[in-house]
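Take a look at the structure below.
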Amino acid sequence: MVHGDFRLENVFFGASLENQGFAVIDWQDISRGEGVWDVAWFIGGCLQVTSNRQMEEQQLLKIYHETLKANGVNGYTFEACWEDYRLAMSRYFVQAVLMVAALNPENDRENKLAQAVAERFIAAITDLHLTEK
Numbered sequence: 132m133v134h135g136d137f138r139l140e141n142v143f144f145g146a147s148l149e150n151q152g153f154a155v156i157d158w159q160d161i162s163r164g165e166g167v168w169d170v171a172w173f174i175g176g177c178l179q180v181t182s183n184r185q186m187e188e189q190q191l192l193k194i195y196h197e198t199l200k201a202n203g204v205n206g207y208t209f210e211a212c213w214e215d216y217r218l219a220m221s222r223y224f225v226q227a228v229l230m231v232a233a234l235n236p237e238n239d240r241e242n243k244l245a246q247a248v249a250e251r252f253i254a255a256i257t258d259l260h261l262t263e264k
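Per my numbering, the very first residue in the sequence shown carries number 132; after that it's consecutive.
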């Protein structure tokens with residue numbers, strides 16, 4: 132099960148170290164897919180476009196992969212995870228373009244979010260060389 136819009140605005144954390152609860156809301160884009168798709172949405176759509184985003188991207192994906200292994204996932208190499216991540220990034224780039232295409236002139240907050248997400252995904256697919264053959 133994939134959330135499909137996995138960003139900080141849809142994630143809630145416990146109020147203190149003693150209360151380490153975690154909740155995810157806004158499941159309207161739920162679909163069937165690879166877990167790394169939500170990782171791609173989070174990294175591609177939430178991380179600022181900076182000179183060190185690529186390094187952060189690799190580190191976060193390695194943490195995700197190590198967490199999978201630590202919780203019993205076997206036979207899923209980091210290389211396979213990386214390729215699934217790249218494929219997911221392409222998928223979400225299309226979603227970001229569609230968000231911009233559907234801008235609502237009456238909702239400035241939504242427009243700014245769509246534009247920021249689209250810019251981030253454009254940078255991500257460029258950095259990942261997804262437009263090259």
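Beta carbons are placed, not taken as given, at the ideal position from N, Cα and C, and that holds for glycine.
Enumerate in chain order the residues of its own chain whose CB-to-CB distance from Ile256 is below 7 angstroms, with the five nearest sequence positions on each side excluded. Met220, Ser221, Phe224, Thr262
Counted within 10 angstroms of its Cβ, other Cβ atoms place Leu192 as buried (16 or more) or exposed: buried
Following a CB-centred definition, is Glu241 positioned closer than 7 angstroms to any heavy atom of the ligand HEM? Inclusion of the ligand HEM in the displayed structure is not the case, the ligand content being empty and no account of it being possible.
Give me whichever residues DSSP pairs with Ala154 in a beta bridge. Phe143
Would the stretch 148-165 and the stretch 199-208 be scored as touching if the rule is three or more Cβ pairs under 8 angstroms? no
Start-to-end residues for the alpha helix (DSSP H) that takes in Asp215: 209-232
Could you give the distance in angstroms between the alpha-carbon of Leu139 and the alpha-carbon of Pro236? 24 angstroms
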